[in-house]
Structure formats: C-alpha cells, structure tokens
Amino acid sequence: MSAGGSAQVETGARGAAVRSWRRSLRSWGARLLPADDTDDSTARWVVPAVLIGAVAGLGAAALFGLLHLCTGWLLESVAGYRPYRTSAEGGFRTPAGSDRPWLVPLVAAGGALTATVFALWLAPEARGHGTDAAIAAAHHDPTGMRGRVTVVKLVASALTLGSGGSGGTEGPAAQISAAFGSVIARRTGMSREQARTALVIGLASGVGAIFRAPLGGALLGAELLYRRGMDAKVLPKALIASVAGWLVFGACFGFTPVLGSHPGQAVSSVGEFVVVAVVGVVAGGAGRLFTACFYAVHTRVEKRARGLLARITAPTVGALLVGGLGLLVPGVLGTGYGLMEAVTQRQLLMGLPLAVVLALPLAKIVGTALTVGSGGSGGIFGPGMVVGAGVGAALWRLAEPLGIAPHSPLVPVAVGMAACLGSVAHAPLGVLVMVAEMLGDASLLGPGILAVLCAQSVTGRTTLYRSQLERIGAGPSPVTEATPPEVVTAPAPHTRVAPMRRKPADADPVAVKPTDPMPK
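Using this note's numbering, you'd call the opening residue of the sequence shown number 19 and step up by one each time.
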C-alpha cells in the first residue's frame, strides 16, 4: 500500500475513533439526563453538576496560577514593580515602587499587545470582559460556545492582567467555565434547556471557585441572567457544581478567604448605620459612573476600531496609559484585590494620603475602562468591587474625624463593595454573600442589605451586563428548538425565516429576511 493510502486509512481510523467516542458521550449523557426534560430533578443532575463544577474549578485554578506566574515575571521581574497581594495569594503585602518606573507602562502595553493578537488570531470572542458573552450564550445559544475559548481566554487574561492591565478575574473565569459547560452539554447531547443549565452552573462554579465563595457563586449564577428576579430552578444544581469547583480549586491553592478572615465586625450604633446608608448611596452613584465610563470607551472603540490594526492598537494604547496611571495611584495595576484588603485595615488606610484615598475609585474606573473597554481581556466584576471598596474607604476617612464612623474601616469597605457591584450587576444577593465569604464574616450581611438597597435606589435599571433579560420569561423573541435564538424579529405572515448567524461573542440582535412563501 502506498504512503498516501496508509495516511488515508490512518485518518479514517482516527475519525472513526472520534465518532465512537462522541457516541459514547451522548449515550452517557442520555442515561444521566433524558433528552425530553421529563425528569429535571436535582438528583439527576448530581453527577453532571459535579463533573462540570470540577472542570470549572480546574479552569479557575489554571487561571489563578498562570496569572500569578505572569505577574511575577512581567510586573515584578521585568518592570521591577511589586503590586498589592491578598492573603490568599501567598500572604498579604503592600506595593513597592519600581526602580525602573519607565518600564511599567511599556510592560503593560506589551502584555496587552501580545494578548490581543493571540485572541484575535484564535478566538476573537475571547476579547473583552467575557461575562456578557456567557450570558448571551445562555439566553440564545447554550451549546454554541467554542472549546478553544477556554484556553484563549485563560492565556489572554493572564497576560493582560499579569502585565499590569486593570481588570478582574471573574469575567475570564465566567467565560472559561461557561464554555466548559457548553462543550460538555454539546458533547453529551443535552437538550437546549439542559444545555442552558449546564452553562449557567459552569459559570457559577467558576466564579465561586476563583473568589473562594461557593454559596455566593451559586446565587450569582441564579441571579446574573436577569435584571429582576432569579432562576430558582437552577440554584440547587449551581450550588452542587459551585461546591465541587471550590473543593477542586481549594485543593490546589487552599481555602483561605480571598481577603483574609475578619470575624465579628458588627455595626454597633445608629450613627454607624447612617454611615452605611451613605456609603450605599455613594457606591450606587459610583456604580453608575463605572458603567457609563466603561461603555463610553467600549462603544467608541467598537465604532472606530474597524480594521485589524485598530483593534490591536486600541487595547495597547489603553494599557500604556493605565501603566502610567498605576504609578500615581496604587491598586490600579492588575486586579487590585490586594488594595481591597489593605483598606480594611485601619493603620494602613490612615497611612495613605487623603488625596490618594479619594482618587482610588475614580482611578480604578478609568483604568478598567481603558483596559477592558478598549478590547483587552479581563473582567469588570472584580473592579466593580474595588471601586466600591475605594468609596467605602474614602467615606470612612472623611467620617472618622467626626466620631461617627466605626473604629475599623472594614464595614464601610465591605458594604461599599457589595453596594457598588451588586446594584449594577443586578445580583444583590449573590454579590453580598460573596463579599461576606471573601472576608470570612457573616455579620456583614445585615449592614450590607441596607447599603445595597440604598445603592439600588440610585442605579435603577443601569446594568453592567447588557445581555441580561428584564426578567424570567422575557426576551426579544420566543426561544424554541425549531427557531434559532438569533432570530429576533417576527417574520411576515406565510414566510420562512432564514436566520443569519452571528459571531459567538456578539450579543446584539440581527435582522431576519423572508424567503420563499411557505406553502398554504
């Protein structure tokens, strides 16, 4: 037999093996979850939820580990800059200025350039903050997320944030984990509704793992798809998956709360509750400003950066500017999670100049808008918390001389985190519980509820995630198995719809066109 014939036989055998493997997966999935959704009980979801959660936990661990390596190599070794670090990242530490400050903006720009080229080459949908793409997929095409997104998003985000770009890890973790759920659903032949559940619990477990907050992650998965209400049906399955992801992540990096453990920080006077309410109102305003600034940059870049060169240049220039800003205001470079822990400590917060404390929220807003809004890979969930923490810290500094602030800034900082993000993400319960888990203090829930309610009175319908539906059952069009979700405009009578598919990352509706009249 010729060499060409042998190659064809080998290729055919390999293809047959792949087809056999896929049939086995579908058979396994059918045994676990009936395709007609006749039994969607939590008991039938235990094994799939544990599998999805464990894989999502591994993805979150890979993101955390790679980000740690990139930060140590790019920011610390090359640029000589040591950023804030949380207790869960190997021990809390404060930043140290660089002896080569001129390198910091260049390293940030180089990381953004490399990450952008990598993402555009392999998976353009991995650019940006990722959570909106996962929400859009859950509503419109739950089996459509590509497997390569997991690797591309992981590498691009680690490069962007590890080189100094301002962003968070939640968005990448959400998109990576949601993609895992989508791929597993597709490979095992799940029905559309089951695939949606798999995607959502993947998202929940990834976020819960990266923030070491399994209950908050599960609640977030149930809330994040809608501006009003939550999907209670998915909550038990999300909790199973989130706990599995948390256990896997913790086995790799430990179970220490992200911002350390701060038990027993209760509000003890009426004056302190007044401070909490004021923090909630101001944090809500900061959330609106954060959302407006982010989408102002994002919309402008999307309109003007049409060509390939412009799409590469925009995040590179944005990162260059962020690198310069980060030299002036601490906590702008990278995730800024260490800054949140720093401002919970009275001695460290009092040691910062008041002007710097007041500038923290605005600087993080601008830095994140320039990094992620311009097309860089990173999340906007974490920065929303950092902005809220900055608001709480600033108001505590202003109230402390008046004698009405708590002795410790922890409560204002924590409720600021929950109020700023929970109000504009329309996930108040999930974010509030997540903040309590990140700080290891359940007593924060009471004052946190007051702050979030005050913040929601300011933010209204403003949302960080434009792919959210108004409420369960609402949507641009009915979603059925026979009608693809990309079709959002009702067709004329007696016409057949020819859907125009869009790129996976594009959540905007597209038009439909009538074709030949349907036979009467």
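A virtual CB, placed ideally from N, CA and C, is assigned to each residue, including glycine.
Does the beta-carbon distance from residue i to residue j come in below 7 Å?
| i | j | result |
| --- | --- | --- |
| V335 | G385 | no |
| V451 | L439 | no |
| P123 | G349 | no |
| A411 | P427 | yes |
| A332 | S395 | no |
| Q193 | A152 | yes |
| S195 | G272 | no |
| A97 | L69 | no |
| A144 | K171 | yes |
| L307 | S181 | no |
| R489 | G189 | no |
| T161 | R103 | no |
| V429 | V285 | yes |
| A443 | G302 | no |
| G199 | A216 | yes |
Please report how far the alpha carbon of residue i lies from the alpha carbon of residue j, in whole angstroms.
| i | j | result |
| --- | --- | --- |
| L463 | A106 | 22 Å |
| P254 | A236 | 8 Å |
| E94 | A445 | 35 Å |
| M358 | S175 | 20 Å |
| R164 | M208 | 16 Å |
| A79 | G234 | 18 Å |
| V470 | T480 | 14 Å |
| A245 | S485 | It should be pointed out that residue 245 corresponds to Arg in this sequence rather than to Ala. R245 and S485: Cα-Cα distance of roughly 10 Å. |
| S287 | G466 | 15 Å |
| G278 | M456 | 7 Å |
| G408 | L416 | 12 Å |
| L265 | R324 | 43 Å |
| V300 | L140 | 41 Å |
| A454 | L447 | 11 Å |
| L87 | I422 | 43 Å |
| Y313 | A240 | 25 Å |
| A250 | D117 | 53 Å |
| A154 | M368 | 43 Å |
| H157 | V476 | 28 Å |
| V347 | S59 | 51 Å |
| R210 | H316 | 31 Å |
| A373 | V292 | 24 Å |
| W414 | E290 | 10 Å |
| P119 | A377 | 20 Å |
| G268 | A328 | 41 Å |
| L370 | T362 | 12 Å |
| A231 | A256 | 12 Å |
| R166 | E418 | 51 Å |
| V319 | A61 | 47 Å |
| D159 | Y99 | 43 Å |
Measure from the alpha carbon of residue i to the alpha carbon of each residue in the options, then state which is nearest.
| i | options | result |
| --- | --- | --- |
| P66 | L172, A151, V201 | V201 |
| A72 | S223, A126, P190, H157 | S223 |
| F229 | A295, F82, I422 | F82 |
| T168 | R324, R329, L221, A259 | L221 |
| L345 | K382, T104, I330 | K382 |
| L326 | C88, E488, G75, T134 | T134 |
| V405 | V375, C88, D249 | V375 |
| A259 | A97, R489, V64, V292 | V64 |
| V294 | A155, A432, T89 | A432 |
| Q365 | L238, G302, H425, A156 | H425 |
| G108 | A256, C270, A231, P142 | C270 |
| H147 | A387, R214, A473 | A387 |
| D150 | L242, T112, A137, A231 | L242 |
| T85 | R166, A74, R111, A191 | Correcting the residue identity first, residue 85 is Leu in this sequence and not Thr. Per the Cα distances, A191. |
| M403 | E418, G199, G434 | G434 |
| F110 | V276, E418, R322 | V276 |
| P142 | I330, K321, A256 | I330 |
| F136 | K321, V173, V125 | V173 |
Below 8 Å on the Cβ atoms is my contact criterion, and I expect residue i with residue j to pass it. Report the Cβ-Cβ distance as a whole number of Å.
| i | j | result |
| --- | --- | --- |
| P281 | G129 | Not quite, the Cβ-Cβ distance comes to about 38 Å (not below 8 Å), so this is no contact. |
| P101 | G400 | Their Cβ separation, rounded to whole angstroms, is 14 Å, which puts P101 and G400 out of contact at 8 Å. |
| G397 | T187 | 6 Å |
| G305 | S184 | At roughly 17 Å, the Cβ-Cβ gap does not stay under 8 Å, so G305 and S184 are not in contact. |
| G298 | L420 | Contact doesn't hold; Cβ gap of about 18 Å is too wide. |
| T274 | A337 | The pair is not a contact, with the Cβ atoms about 30 Å apart (cut-off 8 Å). |
| V218 | V252 | 5 Å |
| T309 | L482 | 6 Å |
| T89 | G354 | Rounded, the Cβ-Cβ distance is 12 Å, inconsistent with contact. |
| G263 | G115 | Wrong, their Cβ atoms sit about 37 Å apart, outside the cutoff. |
| T112 | A360 | 6 Å |
Beta carbon of residue i: closer than 6 Å to some heavy atom of the ligand ZN?
| i | result |
| --- | --- |
| A79 | This structure lacks the ligand ZN; in fact it carries no ligand of any kind. |
What are the uninterrupted segments assigned as beta strand (DSSP E) that are 3 or more residues long and contained completely in the region 48-123, given in chain order?
none
Taking the runs of the beta strand (DSSP E) that are 3 residues or longer, which of them lie wholly in the region 188-222?
none
Could you tell me which whole beta strand (DSSP E) segments of length 3 or greater appear in the region 293-378?
none
Could I get the ranges of all uninterrupted alpha helix (DSSP H) runs contained in the region 400-467, with 4 residues as the minimum, in chain order?
428-442, 446-457
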